[in-house]
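In the working numbering, the protein residues as written are 5 to 304.
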């Protein structure tokens, strides 16, 4: 009799545990989707049988802000771990939707990455309601060559075509803000050679060099920008961020430049005080501009 009673209690406890597990909300899994459905434009009126993807990481408690994340890799690869999904996880902890963009590598086709970044921004806005996003709080973030892509999206954009057959194309491709971490900005003297040759080819025309030297493309409509760069960065000299900072200042665009005393390119392998500094200060800057709520003391 005692054994039967104990068995009954054990079975009941399992049922209760199972019921509680069913009631506990599960964190939404990242959603990966294609941007072009297998027919991607190359910028010359032609298309290729290729694609770019975004992976949408949604936070448990969304603030309404979203950031398209452009990993680096010299336009010859993609560092999607520490400069992609790892960043999305950090943003999620602060209520920001992180959208990791795996853009097509250009191989000398200069318009290809930009077309993907613009499509990603439009796609986020087209899905804003479903993803709990404010379409006026969609920014872009980039690292190294991904920083060049992000700054290109912030200096080459349009308002969308309200008459477009594709509803995604009806949305603006202008980011509402930019966060650029040790970015390539220029395609001229102080550029990163590998990024330039992968994007523009070995001997690009001067007009193309100027077009993708984003310090020369800043206008009063360029989005507010946060820049972070180490003084001892050798592969991508800090003059890249400095030139962009000065161009933004000249046109009275809100900008903050965090010049880090050390860390090199990649900021000591994506860890340590220099890495923490840009993360903390970029969040505080976004809060100042009211793209995210004011940070609690524990978050500052």
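Here a beta-carbon is modelled for each residue, glycine too, at the ideal position from N, C-alpha and C. Since we're looking at a predicted model, the values are computed, not measured.
Exercise. Which whole-angstrom value describes the C-beta separation of residue 252 and residue 281, a residue pair presumed to lie in contact below a C-beta threshold of 8 Å?
Worked result: For a cut-off of 8 Å, the C-beta gap from residue 252 to residue 281 is around 21 Å, too long to register as a contact.
Exercise. Of all the options 162, 101, 76, which has the alpha carbon lying nearest to the alpha carbon of residue 225?
Worked result: Selected option, being the one with the closest Cα: 162.
Exercise. Are the beta-carbon atoms of residue 109 and residue 124 separated by less than 7 Å?
Worked result: no
Problem set entry | Minimum length 4: unbroken alpha helix (DSSP H) runs contained in the region 269-299 | 271-274, 277-292
For this session: Could I get the ranges of all uninterrupted alpha helix (DSSP H) runs contained in the region 72-97, with 4 residues as the minimum, in chain order?
Result: 90-96
Exercise. What is the DSSP secondary structure of residue 159, reduced to helix, strand or coil?
Worked result: coil
For this session: Output the boundary residues of the alpha helix (DSSP H) element that contains residue 224.
Result: Looking at the DSSP string, residue 224 is not in any alpha helix (DSSP H), and its letter there is neither H nor E.
Exercise. With DSSP run on the structure shown, which of helix, strand or coil describes residue 143?
Worked result: In the structure shown, the three-state DSSP call for residue 143 is strand.
Problem set entry | Limits of the unbroken beta strand (DSSP E) element including residue 259 | 259-264
Exercise. Does the Cβ of residue 117 have 16 or more other Cβ atoms within 10 Å, making it buried, or fewer, making it exposed?
Worked result: buried
Exercise. What does a CB cutoff of less than 6 Å around residue 112 pick up in its chain, not counting 5 residues either side in sequence?
Worked result: 205
Exercise. With burial defined as no fewer than 16 other Cβ atoms inside 10 Å of the residue's Cβ, what is the status of residue 41: buried or exposed?
Worked result: exposed
Exercise. Hey, quick one: how far does the alpha helix (DSSP H) through residue 115 stretch, first residue to last?
Worked result: 115-130
Exercise. Using CA coordinates, which residue listed in 287, 239, 191 is at the minimum distance from residue 219?
Worked result: Minimum Cα distance to residue 219 is reached at 191.
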